[in-house]
Amino acid sequence: MKSISIRLIANCLLLFSTVTWAQEFQGKAYYFSKTSLDMNNFGGRQMSEDMKKQIAERMKSMFEKTFVLTFNKEASIYKEEEKLEAPGQSGRGFRMMMGSFTPGAQYKNVKNKSLLQEQEFFGKEFLIKDELKALEWKLESETKQIGKYLCMKATAVKKVDEFDFTNVRRRGRQDEEKEKDTTQAQDQTKEIEVPKEIKITAWYTPQIPINQGPGEYWGLPGLILEVNAGRTTILCSKIIMNPSEKEVIEIPSKGKEVTKEEYNTIVKKKTEEMREMYRGRGGRRGIRHRG
């Protein structure tokens, strides 16, 4: 009963907003994305506090980004906002590696349920084409204000991509003890893991009556202004409605067209090659995908 009443309120707000809007409109939403990392997941237990701070500072530019979502009633394009790199910034090699896992321009069309994403992976360009799938959102009763917009809360459980390193965690102690003898006898490649599922909390506003949002998030009765997913928070900092100069929302076309499954197979093969190379040089750590 509670879920029905919340959905009714949201739909009423959505209907009211839709009636007051012009038929043709466009908007831009600016989002700040920040991911907090536990350095203990990357061998930090053996590091001094000063070393942890230095590495965290170098990684800051990779895990704190600004994105722009350009949208209309049917489609959107989500891109990282370009910015100049600070002079003398170190750790270039690691940034290049992590950049291979950073999504490129992402196009969502909620009318025909299509998703296209440009992706560069170790110097090769791909165009990932997939069906746009919505999360099973649960509309909650909580509300809060984000800027001048009244937002409503929604939650969902999302399956995590096995190459989503932002959600890496150390394995549970019981799991480590269970496989201690076999791990030590071979090579220690299972000290850290990626969870299979994480809880998503989103805040959306029916005052902007479109079911779009940042990145892969969409499907709510209003623009999503905030997302909390694992260690990542995405927060809208500015919205421009009906800019004087409208931008064409172009469908991405650059790169070799592959499905998400095909792309993951390519990444997995390359990752295994790198892992074997690392082991050959005396490396001992790796990543495991677990529930």
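Numbering (my numbering), first residue to last: 2 to 292. Just so it is clear, CB atoms sit at the ideal spot from N, CA and C, and this is done for glycine as well. Values in this document were obtained by computation on a predicted structure and should not be read as measured data.
Exposed or buried, residue i, counting other C-beta atoms within 10 Å across all chains shown (16 or more means buried)?
i           : result
residue 275 : exposed
residue 268 : buried
residue 107 : buried
residue 213 : buried
residue 114 : exposed
residue 148 : exposed
residue 178 : Caution applies to residue 178, whose pLDDT of 47 falls short of 50 and renders its modelled position unreliable; the model cannot decide the point.
residue 124 : exposed
residue 50  : exposed
residue 246 : exposed
residue 183 : Its pLDDT being 44, under 50, residue 183 is placed unreliably in this model, and the value from its coordinates should be taken loosely. It is exposed - the Cβ of residue 183 has fewer than 16 other Cβ atoms within 10 Å.
residue 95  : Residue placement at residue 95 cannot be trusted, given a pLDDT of 49 that sits under 50; the coordinates are not used to answer.
residue 144 : exposed
residue 227 : buried
Out of the options, which one is the CA nearest neighbour of residue i?
i           : options            : result
residue 129 : 263, 278, 211      : 263
residue 70  : 273, 233, 224, 229 : 224
residue 116 : 143, 126, 67, 78   : 78
residue 210 : 67, 111, 278       : 111
residue 30  : 198, 68, 219       : 68
residue 272 : 232, 122, 109      : 122
residue 163 : 27, 75, 261, 140   : 261
residue 32  : 49, 65, 50, 38     : 65
residue 131 : 218, 278, 266, 259 : 259
residue 139 : 197, 250, 221      : 221
residue 240 : 49, 134, 72        : 72
residue 249 : 49, 83, 76         : 76
residue 137 : 50, 245, 219       : 219
residue 74  : 233, 28, 143       : 28
Would you mind reading off the limits of the beta strand (DSSP E) that contains residue i?
i           : result
residue 131 : 125-132
residue 33  : 28-36
residue 200 : 198-206
residue 69  : 65-72
Do residue j and residue i come within 9 Å of each other at the CB atom, strictly closer than that value?
i           : j           : result
residue 81  : residue 255 : no
residue 126 : residue 270 : no
residue 161 : residue 216 : no
residue 158 : residue 109 : no
residue 229 : residue 26  : no
residue 34  : residue 252 : no
residue 36  : residue 233 : yes
Touch test, the region 145-164 against the region 205-212, Cβ-Cβ under 8 Å, three pairs minimum: yes
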